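The structure appears right after this line, and notes come after that.
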Amino acid sequence: MYSNVILDIVHPNGIQSIPKSILFGYERKGYNEFTDEDRFFIKSYWTRADIRYSSDFLNTKLFIIYGMSIGKSDSWWWEHIFYSLKENGSELIIYNYTLDIEEDKEQVKQRFINNSIGEDSNISTSELNKIKEHIYVVNFNDQNDTKLFNMEMPTV
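Numbering (our numbering), first residue to last: 7 to 162.
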């Protein structure tokens, strides 16, 4: 038995081994409307995420967040993933690095929602609960490491 998987890994903030790719900054909606120097610190301005990645959200069935804080500085990504969960029934796995391995997974889900659409959204509680059913959280830390997708490296 085999599976044919088409995947594209996107590193929204760059790759550590490629120093020039590392992206620091924050997010601000409507950045295209601003002409001041502030927009030079806006992540989606530099990545042109709206042009390069917006269409990818329509066809993606599984999103995986690994090694990110799910903070507001990447809200462009979280918002687009959120609406893909809502509109397309996509799934999301969050690999959550935490010192407390028993951290409440519902809190992690809520942090994702708060940093994607905000706390004052017009989405009903029942809709949010339905979306949360498509979010899975895997807690890990240095003492309780997890292998991405739980895959073992083959021994040769």
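The beta-carbon is built from N, C-alpha and C at its ideal position, and this holds for glycine as well. Note that this is a predicted model, so its numbers are computed, not measured.
For Lys78, the closest C-alpha among the options Tyr142, Ile137, Asn120, Leu134 is that of Asn120.
Secondary structure of Ile141 (DSSP, three-state): strand. Within the segment 85–141, the complete beta strand (DSSP E) segments of 3 residues or longer fall at 97–103, listed in chain order. With a threshold of 16 other beta carbon atoms within 10 Å, Ser130 falls short and is exposed.
In this structure, Glu108 sits away from Lys67, with a CB-CB distance that is not shorter than 9 Å. In terms of CA proximity to Lys136, Tyr89 leads the group Asp151, Tyr89, Asn147.
According to the DSSP secondary-structure assignment, Ile71 is paired through a beta bridge with Ile100. Between Ile99 and Lys115, the gap from beta carbon to beta carbon reaches 9 Å or more.
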